[in-house]
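Below is one structure, written out as structure tokens, with a few remarks after it.
There are 2 protein chains.
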Amino acid sequence: MTPVENSDESEDNEQMVNVAVLGYGTVGSGVVEVINTNHDSINKKTGDEINIKYVLDLRDFPGDPVEKILVHDFNTIVNDPEVDIVVETMGGVHPAYDFTKQALLAGKSVCTSNKELVASHGTELMQIAEDKQINYLFEASCGGGIPIIRPLNSSLTADEIDQITGILNGTTNYILTKMTRDGSEFEDALVEAQNNGYAERNPEADIEGHDACRKIAILSSLAYGHHVNFEDIHTEGITKITATDIKYAQEIGAAIKLLGTSCKTENGFYAMVTPGMIDPTSPLYSVNGVFNAIFVHGNVLGDAMFYGSGAGKLPTASAVVADVVDAARHLHRNIMQNWSSHSLELKDISEMENRFFVRVKGTVAGKIDEITEIFGRVEPISLPSVPGEFAFITKSMKEADFAAKAEKLADDMLGRIRVFF
Amino acid sequence: MTPVENSDESEDNEQMVNVAVLGYGTVGSGVVEVINTNHDSINKKTGDEINIKYVLDLRDFPGDPVEKILVHDFNTIVNDPEVDIVVETMGGVHPAYDFTKQALLAGKSVCTSNKELVASHGTELMQIAEDKQINYLFEASCGGGIPIIRPLNSSLTADEIDQITGILNGTTNYILTKMTRDGSEFEDALVEAQNNGYAERNPEADIEGHDACRKIAILSSLAYGHHVNFEDIHTEGITKITATDIKYAQEIGAAIKLLGTSCKTENGFYAMVTPGMIDPTSPLYSVNGVFNAIFVHGNVLGDAMFYGSGAGKLPTASAVVADVVDAARHLHRNIMQNWSSHSLELKDISEMENRFFVRVKGTVAGKIDEITEIFGRVEPISLPSVPGEFAFITKSMKEADFAAKAEKLADDMLGRIRVFF
Numbered sequence: 001m002t003p004v005e006n007s008d009e010s011e012d013n014e015q016m017v018n019v020a021v022l023g024y025g026t027v028g029s030g031v032v033e034v035i036n037t038n039h040d041s042i043n044k045k046t047g048d049e050i051n052i053k054y055v056l057d058l059r060d061f062p063g064d065p066v067e068k069i070l071v072h073d074f075n076t077i078v079n080d081p082e083v084d085i086v087v088e089t090m091g092g093v094h095p096a097y098d099f100t101k102q103a104l105l106a107g108k109s110v111c112t113s114n115k116e117l118v119a120s121h122g123t124e125l126m127q128i129a130e131d132k133q134i135n136y137l138f139e140a141s142c143g144g145g146i147p148i149i150r151p152l153n154s155s156l157t158a159d160e161i162d163q164i165t166g167i168l169n170g171t172t173n174y175i176l177t178k179m180t181r182d183g184s185e186f187e188d189a190l191v192e193a194q195n196n197g198y199a200e201r202n203p204e205a206d207i208e209g210h211d212a213c214r215k216i217a218i219l220s221s222l223a224y225g226h227h228v229n230f231e232d233i234h235t236e237g238i239t240k241i242t243a244t245d246i247k248y249a250q251e252i253g254a255a256i257k258l259l260g261t262s263c264k265t266e267n268g269f270y271a272m273v274t275p276g277m278i279d280p281t282s283p284l285y286s287v288n289g290v291f292n293a294i295f296v297h298g299n300v301l302g303d304a305m306f307y308g309s310g311a312g313k314l315p316t317a318s319a320v321v322a323d324v325v326d327a328a329r330h331l332h333r334n335i336m337q338n339w340s341s342h343s344l345e346l347k348d349i350s351e352m353e354n355r356f357f358v359r360v361k362g363t364v365a366g367k368i369d370e371i372t373e374i375f376g377r378v379e380p381i382s383l384p385s386v387p388g389e390f391a392f393i394t395k396s397m398k399e400a401d402f403a404a405k406a407e408k409l410a411d412d413m414l415g416r417i418r419v420f421f
Numbered sequence: 001m002t003p004v005e006n007s008d009e010s011e012d013n014e015q016m017v018n019v020a021v022l023g024y025g026t027v028g029s030g031v032v033e034v035i036n037t038n039h040d041s042i043n044k045k046t047g048d049e050i051n052i053k054y055v056l057d058l059r060d061f062p063g064d065p066v067e068k069i070l071v072h073d074f075n076t077i078v079n080d081p082e083v084d085i086v087v088e089t090m091g092g093v094h095p096a097y098d099f100t101k102q103a104l105l106a107g108k109s110v111c112t113s114n115k116e117l118v119a120s121h122g123t124e125l126m127q128i129a130e131d132k133q134i135n136y137l138f139e140a141s142c143g144g145g146i147p148i149i150r151p152l153n154s155s156l157t158a159d160e161i162d163q164i165t166g167i168l169n170g171t172t173n174y175i176l177t178k179m180t181r182d183g184s185e186f187e188d189a190l191v192e193a194q195n196n197g198y199a200e201r202n203p204e205a206d207i208e209g210h211d212a213c214r215k216i217a218i219l220s221s222l223a224y225g226h227h228v229n230f231e232d233i234h235t236e237g238i239t240k241i242t243a244t245d246i247k248y249a250q251e252i253g254a255a256i257k258l259l260g261t262s263c264k265t266e267n268g269f270y271a272m273v274t275p276g277m278i279d280p281t282s283p284l285y286s287v288n289g290v291f292n293a294i295f296v297h298g299n300v301l302g303d304a305m306f307y308g309s310g311a312g313k314l315p316t317a318s319a320v321v322a323d324v325v326d327a328a329r330h331l332h333r334n335i336m337q338n339w340s341s342h343s344l345e346l347k348d349i350s351e352m353e354n355r356f357f358v359r360v361k362g363t364v365a366g367k368i369d370e371i372t373e374i375f376g377r378v379e380p381i382s383l384p385s386v387p388g389e390f391a392f393i394t395k396s397m398k399e400a401d402f403a404a405k406a407e408k409l410a411d412d413m414l415g416r417i418r419v420f421f
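So the sequences go chain by chain: A and B.
If you read the first sequence in the UniProt record's numbering, its first letter stands for residue 1, the second for the next number, and so on.
If you read the second sequence in the UniProt record's numbering, its first letter stands for residue 1, the second for the next number, and so on.
This is the structure:
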């Protein structure tokens with residue numbers, strides 16, 4: 001056989017590719033469901049037959065079709081030379097990290113939806129995969145079902161990406177959309193999201209921005225080609241956003257979204273997770289409810305955006321299974337990923353230039369001179385329904401300069417939100 | 001060397017990959033510009049050095065940097081064994097077809113932006129590429145810089161796609177956006193588009209929907225896995241859309257877009273290019289100006305959308321160069337494409353079910369009984385600024401049934417537009 005005939009992608013004889021799924025929770029059971037539901041078309045697109053040989057879970061599932069292939073001991077999987085691909089849908093860093101590393105070292109490709117693990121140990125795990133000429137794939141880790149990891153690796157290769165900004169968390173986007181549509185306060189919208197299954201009982205990872213932080217770290221690592229440490233990313237959640245903030249946003253034709261954003265500037269790279277006001281010129285403006293979207297700007301492509309279901313059992317499973325297909329097509333060949341182990345040093349955001357929406361106590365007549373002295377000429381925004389305060393938007397300035405100016409307002413400043421238009 | 005070490009993607013030694021560009025027009029010169037501008041990052045992502053060895057054009061370009069590598073005879077390129085990849089940015093079917101076929105038969109991968117050629121001869125050219133274990137890639141043929149071909153081939157593989165709907169033509173979207181914003185008539189908006197370089201002097205291919213037709217044929221072939229003949233697709237352009245139509249659309253909160261759409265139903269596959277009304281629940285609603293977007297629905301993924309610059313020198317070149325990178329990464333290995341030579345038989349649209357916006361002469365009082373008798377109960381829509389007529393939206397019905405009913409209205413029907421909500 002010549003190397004060409006030996007290529008996986010040109011194989012005419014269908015082979016069996018054996019998969020083990022770690023964790024039979026929401027995403028794991030979704031993966032089993034998708035592979036079963038779309039069995040024929042998936043096998044056709046793979047060129048081989050995908051067979052789920054094992055499902056690992058500590059629990060039993062009496063009566064469930066996976067009962068017969070359920071195992072409780074990871075060693076059964078890692079020691080079985082017939083297993084080609086491991087799907088890790090356990091979440092969390094431990095024991096997912098150990099299982100993933102063992103699987104890769106045993107020559108099995110791993111496909112995961114685990115953003116915590118990719119953000120914290122992705123560099124090491126990708127290196128093992130490259131050394132072993134197998135793959136560590138994580139399309140589902142950012143944006144659920146939205147294809148974004150593979151486009152960054154394989155489609156946007158002609159560009160130098162200089163900005164990536166995403167609505168990366170469905171829970172917070174649902175809450176903010178709800179607050180906008182109903183005029184409700186954060187706490188009420190959160191409770192409703194919890195009751196509708198769009199927010200967890202312990203919602204901290206979502207509402208404090210930690211989830212979006214890991215995702216923008218992963219996306220930025222791929223966009224700029226160097227490892228971005230999620231712990232270096234300035235992160236603010238949406239817990240301080242009020243119904244009044246949203247009223248002002250509506251008045252000025254803006255929407256408030258939780259944005260994970262990073263950019264390449266003359267001074268270096270910045271990244272942050274922050275609530276931000278965007279206007280209708282941004283394609284992210286119309287992304288509502290549990291939908292997610294990722295905006296990318298390339299130096300030759302210009303603007304692009306990828307939109308879809310950011311979470312949910314089947315959309316997330318769709319992305320994991322697409323990785324399984326890709327891993328099966330490249331069983332013993334590493335797919336190049338644009339993410340080097342070299343760390344990208346993020347600049348401190350104090351040097352980043354932004355505009356700010358600011359709410360202050362008092363009346364325009366009584367306060368505008370003081371505001372003008374501190375911030376220069378601004379256009380005051382008053383809402384008849386919100387007496388005793390007004391708002392304005394600053395010109396673009398360094399974060400550090402804004403902080404110094406804001407300090408002068410002391411307790412008169414009722415809130416501030418970054419403005420991205 | 002083992003096959004694994006022989007893999008292009010794991011090659012550590014950088015090689016020279018020679019490229020020849022056919023046609024130094026807008027896109028061709030963009031390709032040269034992008035490869036030069038982003039030289040370092042492109043080579044890093046390729047793993048090899050991309051070198052433009054030839055540019056083919058009948059014209060001379062004295063003083064242009066390509067002067068030294070300009071050739072007038074295609075044989076120079078096809079007979080040079082050092083040329084690995086041919087970029088075809090000539091447009092049109094001839095001689096692009098002959099050059100592409102010769103290049104592929106000579107073992108050179110071809111990357112193209114030529115939608116006419118892909119729609120008319122893509123099946124044959126892809127088959128030659130597969131037989132030769134090289135690649136015929138055409139990311140730039142649909143949606144300009146928007147990554148959509150590669151996502152369909154490599155990312156949406158877990159799904160059975162049941163709908164694909166795109167705003168696929170920048171010229172018509174610019175014209176419709178202009179008409180919406182200014183209240184202008186089609187002819188005036190067209191002249192303005194021509195003056196601003198957004199429409200050609202001979203705009204027929206755009207405004208009559210032929211361009212969108214080829215694009216939806218290509219996308220549908222990939223989405224459903226079988227060749228869709230563009231000549232089978234019912235195609236209507238935007239020349240009959242008036243300022244009054246747009247006034248009505250605004251009144252009911254809808255936007256009119258030229259849509260290329262295809263879907264899989266219980267009865268079979270349908271495809272058409274048609275102006276259509278969409279409402280804000282569609283992510284395509286906010287896609288304005290020269291931007292394009294492609295909405296895809298998968299049976300497990302749900303809704304997804306890909307948005308970006310649908311035309312323009314650099315965005316289109318960005319997509320072509322991304323193909324060059326992919327071709328270089330897979331120099332002697334065919335990338336699986338989900339497009340079989342088997343033809344997909346489209347159902348006649350007479351059986352397709354749609355809703356219709358209809359404008360009729362007369363007053364609501366004088367006409368509603370007749371309308372109700374023909375179409376059943378409908379909600380009349382009157383605009384004070386448009387006396388002597390009114391409009392309504394039908395319930396969903398077969399195209400053939402609508403045609404029969406519309407015939408009863410005879411000359412009283414002033415127009416009809418399909419409604420996709």
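Each residue gets a CB set at the ideal place from its N, CA and C atoms; glycine is no exception.
Range covered by the beta strand (DSSP E) that runs through residue i
| i | result |
| --- | --- |
| residue 51 of chain A | 49-56 |
| residue 392 of chain A | 389-393 |
| residue 378 of chain B | Neither: residue 378 of chain B is in no beta strand (DSSP E) and is coded neither H nor E. |
| residue 399 of chain A | First-last for residue 399 of chain A: 399-409, but that is the alpha helix (DSSP H), not the beta strand (DSSP E). |
Residues bridged to residue i (per DSSP)
| i | result |
| --- | --- |
| residue 346 of chain B | B:269 |
| residue 214 of chain B | In DSSP, residue 214 of chain B forms no bridge with anything. |
| residue 16 of chain B | B:49 |
| residue 357 of chain B | B:393 and B:417 |
| residue 330 of chain B | DSSP output for residue 330 of chain B lists no bridge partner at all. |
| residue 136 of chain A | A:110 |
| residue 340 of chain B | B:226 |
| residue 21 of chain B | B:55 and B:87 |
Whole-angstrom C-beta distance between residue j and residue i, which should lie under 8 Å
| i | j | result |
| --- | --- | --- |
| residue 137 of chain A | residue 111 of chain A | 5 Å |
| residue 171 of chain B | residue 320 of chain B | Not a contact, Cβ separation roughly 20 Å. |
| residue 97 of chain A | residue 72 of chain A | Their Cβ separation, rounded to whole angstroms, is 19 Å, which puts residue 97 of chain A and residue 72 of chain A out of contact at 8 Å. |
| residue 339 of chain B | residue 16 of chain B | That pair is no contact at about 31 Å. |
| residue 355 of chain B | residue 395 of chain B | 7 Å |
| residue 413 of chain B | residue 329 of chain A | Contact flag wrong, Cβ pair sits at about 53 Å. |
At which residue ranges does the stretch 289-325 of chain A contain complete beta strand (DSSP E) runs of 3 or more residues, listed in the order of the chain? 291-298 and 302-309
Within the stretch 229-280 of chain A, ranges of the alpha helix (DSSP H) (whole runs, at least 4 residues): 243-251
Below 8 Å, how does it come out for the stretch 242-258 of chain A and the stretch 133-144 of chain A: are there three or more Cβ pairs, yes or no? no
Alpha helix (DSSP H) segments (min. 4 residues) lying fully within the stretch 151-212 of chain A: 170-182, 186-195 and 204-207
Any contact of the stretch 28-44 of chain B with the stretch 310-328 of chain B, i.e. 3+ C-beta pairs under 8 Å? yes
Would you call the stretch 208-218 of chain A and the stretch 152-172 of chain A touching, i.e. three or more CB-CB distances under 8 Å? yes
Within the chosen definition, does the stretch 382-392 of chain A reach the stretch 238-254 of chain A through at least 3 CB pairs nearer than 8 Å? yes
Jot down the residue ranges of each uninterrupted alpha helix (DSSP H) in the stretch 36-115 of chain B, minimum 4 residues, whole runs only, in chain order. 39-46, 74-78 and 96-105
The stretch 276-295 of chain B touching the stretch 42-53 of chain B, judged by at least three CB pairs closer than 8 Å: no
The stretch 174-181 of chain B contacting the stretch 148-162 of chain B, beta-carbon criterion three pairs below 8 Å: no
Three CB pairs or more closer than 8 Å across the stretch 218-237 of chain A and the stretch 342-351 of chain A: yes
Three Cβ pairs or more, each shorter than 8 Å: is that satisfied between the stretch 293-310 of chain A and the stretch 269-281 of chain A? no
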